[in-house]
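> Shown below is the structure under consideration.
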Amino acid sequence: MKTPIAKWSLGLFTLIFVLFLHAPMAMIALFSFNSANIVAFPLKEFTLDWYRGLLGDAPLFAALWHSILVGVPVALVSTAIGLLAAKAFVHYRFFGRGAALGLLMLPMGIPTFILGIALLSFVRQVLGVELSLFVVAVAHVLICLPYCIFTLMARLEGFDQNLEQASMDLGETPFQTFWRITVPLVLPGIVSSIMLSFITSFDEFMLAFFLAGSEATLPLYMMGQMRFSYSLPSMLALGTIIFAVSVVLVVIAELLRRKDISTEEGAAA
196 MKTPIAKWSL GLFTLIFVLF LHAPMAMIAL FSFNSANIVA FPLKEFTLDW
246 YRGLLGDAPL FAALWHSILV GVPVALVSTA IGLLAAKAFV HYRFFGRGAA
296 LGLLMLPMGI PTFILGIALL SFVRQVLGVE LSLFVVAVAH VLICLPYCIF
346 TLMARLEGFD QNLEQASMDL GETPFQTFWR ITVPLVLPGI VSSIMLSFIT
396 SFDEFMLAFF LAGSEATLPL YMMGQMRFSY SLPSMLALGT IIFAVSVVLV
446 VIAELLRRKD ISTEEGAAA
């Protein structure tokens, strides 16, 4: 049993860790409302000019559209492949299962810088394909797929296969059973996987840097603007917006995951 001192110590350590982790983002948000165009104390006047200035930035919205154009298909494709792979790994035992799972998880252990160089060489020298947002999307599927598989495997671990068997005993085909029984039961996990994949793709910089060609995604646009000191406050405002939206999506995904667990526990009881 933990003593009160141990509990307070653990709580204090957790609080300090969280504050240390999120202090940089808090500083970005703070300076995004500062009228000065430099990041320094003391702060000057409160202003929303940097946020209003984003509304008239056409290259910004072009880059935003490129990120959405990449992120949405990546999220859907990664989740679809991840669901099929997770079902295979959880419900079936086959030769090479461990090796196949390890191969799919491999992108998690490779730095994106190394992966970007390798994919650039392969795409240009071996395949002879021009760099584009499509190439970026394919690369993003590689790095999002492990997260999708882990998320959906966790959901499928507690899945009652007798429901699928009962469905097929009643005359449903395997595809109908999968679509009408399996998918609805793991839907919260699917939604969570889609959100996490989209966030991962939307925020990714290094692979886009190597593979996007002339079409900049939002992280590339922001990095390019950081070269100019006059653009710094606007980028702080944009970073604050992106961080806030990402937090909201992560919270929604976590709430769906917890709701899914609660529903499953209630059904088991």
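All letters in the sequence shown, in the order written, are residues 196 to 464 by my numbering.
Virtual Cβ for every residue (Gly too), placed ideally from N, Cα, C.
As the structure is a prediction and not an experimental result, all values here were calculated from the model.
When you compare each of 321, 244 and 362 to residue 428 by their alpha carbons, which one comes out closest?
Selected option, being the one with the closest Cα: 244.
> By a C-beta neighbour count over all protein chains shown, 10 Å radius and 16 as the cutoff for buried, is residue 288 buried or exposed?
Label assigned to residue 288: exposed.
> I want to know whether the stretch 418–433 touches the stretch 292–302 - three or more CB-CB distances under 8 Å.
no
> With a CB to CB cut of under 7 Å and the five nearest residues on each side skipped, what residues in its chain are close to residue 231?
239
> Where in the stretch 282–330 do unbroken runs of the alpha helix (DSSP H), each at least 4 residues long, occur, reported from the N-terminal end onward?
292–300 and 307–316
> What runs of the alpha helix (DSSP H), each 4 residues or longer, lie entirely inside the stretch 348–391?
Within the stretch 348–391, the complete alpha helix (DSSP H) runs of at least 4 residues are 356–364 and 369–372.
> Only counting the same chain, and skipping five residues up and downstream in sequence, which positions put a Cβ closer than 7 Å to that of residue 284?
292, 296 and 348
> With a threshold of 7 Å on Cβ separation, who are the neighbours of residue 332 within its own chain once the five nearest residues in sequence on each side are excluded?
Contacts found: 265, 268 and 269.
> Kindly indicate which residue of 337, 227 and 387 has the alpha-carbon position closest to the one of residue 451.
387
> Please classify residue 241: does DSSP put it in a helix, a strand, or coil?
strand
> Out of 324, 226, 326 and 334, which has the shortest C-alpha to C-alpha gap to residue 307?
334
> Pick from 350, 394 and 444: whose alpha carbon is nearest that of residue 279?
Ranking the options by Cα distance to residue 279, first place goes to 350.
> Which term fits residue 368, buried or exposed, when burial requires 16 or more other beta carbons within 10 angstroms of its beta carbon?
Residue burial annotation: residue 368 is exposed, with fewer than 16 other C-beta atoms found within 10 angstroms of its C-beta.
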